[in-house]
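*Asks:* Using the working numbering, the letters of the sequence shown correspond one by one to residues 10 to 295. Glycine included, every Cβ here is placed at the ideal spot set by N, Cα and C.
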Amino acid sequence: MRVGFAGLGAMGAPMARNLARAGRLAAVWNRTVSVAQDLAGELGVAATATPAELAGQVDVICLCVSADADVLAVVNALLPGLNSGKVVVDHSTVAADTAREAAERVRGRGADFLDVPVSGGVEGAKNGNLAMMAGGDAEALERVRPVLEAMAARIVLMGEVGAGQATKAVNQIMCAGINQAVTEALAFGAAQGLDMDKVIQVVGGGAAGNWFLDKRGPTMTRGTFAPGFKLALHHKDLKICLEMAASLGIPLPLSVQTLNDYAELMDRNHGDEDISALYRLKRPAP
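Rendered as C-alpha cells:
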C-alpha cells in the first residue's frame, strides 16, 4: 500500500519519516515546495508538484495541516487524483463539521475519508507512539491500520466521520486544564524557594503525576519553552472547542481562562513557544 503525505510541518515531517522507515511512503507534498523537496531527498521518495499529483501516485493520502480552511483547500486540490479504493486520512485538528464537509467532497470522488487527529506532540510524532482517534468507516480504517501503526501506539475508532475530531476536542480541553494546574502549582512551589527538580520528581510519583508535568515541568521551571505543541495552535483548537461547547450549552470555564491567557501571551510574541509558556504568567517575579 503506497502512501503519500501532505503537510510537512512540526508534526507531519516526523510522521512521514516513520512511514518511510516502515517502507510505506512513496511521495510527499507541501505548500512550501522546498520543504517537500528537502524531505523527499532525505527519504528517497518523490516530491509532487500538486496534491492531485500526490493522490494519483498513491493509495492512501495522509494530511496534516494547521487550520480548517487549509484542510478544505488541500482536499479540494486532491480531488482530481482521487478515485474508488483510495483513502484520505486527515490528521489535522479541526472542527467536526469541517471533517464531515471534507468527507462529503472526498466521497463524491468514490474515495474514503477518515478524520484521525493525533495526540502526543512532537515527541510522539518522532517516536511513532502517537494516540490516534478515528472517525469514519470501520472497514476503511482496517485497510489503513497497517499504515497508521507506523506512526501510532494507540488507534481507536470513535464512530462516524467527525467523531475523531470531537474526541480530539475532549483531549484539548483536558490539556488546557492540565496546563493551568501544573503551571500554577509549580509557580507556587517556586515562590516558596523549593528545589523544583525534587518537587517534580516526588509529585510525579504520586496521584498528581502526569505526562505534562514529567515532560514540561523541568523545562518550564528553567525558563525554556521550545515548542512541542505551539501555544498559538492550542489557542486555535480551544476556539473550536468553545464553539462546539456553546452549541451544546456546556460551560468550559478553564478553557475560557486558558484562551484568554494564551491571547495575552500571543500579544507578547510567545505564540510560537510551547503551551508550557503559560508558566510565564504564573511564575514569581525575579
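#1: In this structure, does DSSP put M10 in helix, strand or coil?
#2: Buried or exposed: where does E282 fall if 16 or more other Cβ atoms within 10 Å of its Cβ makes it buried?
#3: Starting from A35 and walking both ways along the beta strand (DSSP E), at which residues does that stretch end?
#4: Under 7 Å Cβ to Cβ from G215, same chain only, skipping five residues before and after it: list those, please.
#5: Could you tell me the boundaries of the alpha helix (DSSP H) in which F234 lies?
#6: To which residues does DSSP link A161 through a beta bridge?
#7: Taking one C-beta from the region 244–252 and one from the region 204–219 each time, how about it: are there three or more such pairs within less than 8 Å?
#8: Since A55 and Q46 should fall inside the 8 Å C-beta cutoff, what is the C-beta to C-beta distance between them, to a whole number of angstroms?
#9: For the candidate residues R11, S93 and V127, whose alpha-carbon lies nearest to that of M24?
#10: Determine the closest residue to G186 out of D270, M205 and R163, with distance taken between C-alpha atoms.
#11: Suppose the cutoff is 6 Å on Cβ atoms and the five residues either side in sequence are ignored; what does the same chain contact list for N138 look like?
#12: What residue range is occupied by the uninterrupted alpha helix (DSSP H) comprising V191?
#13: Could you work out which residue in V74, G13 and T192 is closest to V153 when comparing CA atoms only?
#14: Rounded to whole angstroms, what's the CA-CA distance from M142 to P295? Just pull it up for me.
#15: Once DSSP output is grouped into helix, strand and coil, what is the label at S128?
#16: Looking only at its own chain, which residues have a Cβ that is under 6 Å from the Cβ of N188, when we skip the five neighbours before and after it?
#17: Buried or exposed: which applies to T59, given that a residue is buried once 16 or more other Cβ atoms fall within 10 Å of its Cβ?
*Replies:* According to the data block:
#1: coil
#2: buried
#3: In the DSSP assignment, A35 falls within the unbroken beta strand (DSSP E) covering L34 to W38.
#4: Closer than 7 Å at the Cβ level, and outside the excluded window around G215, lies no residue.
#5: No alpha helix (DSSP H) contains F234, which DSSP labels as neither H nor E.
#6: For A161, which the question treats as bridged, DSSP gives the partners L139.
#7: Judged by Cβ distances under 8 Å, the region 244–252 makes no contact with the region 204–219, as fewer than three pairs qualify.
#8: About 10 Å; that fails the 8 Å criterion.
#9: Nearest option by C-alpha distance: V127.
#10: D270
#11: A162
#12: A172 to A200
#13: G13
#14: 42 Å
#15: strand
#16: I284 and L287
#17: By the neighbour-count definition (other C-beta atoms within 10 Å, threshold 16), T59 is an exposed residue.
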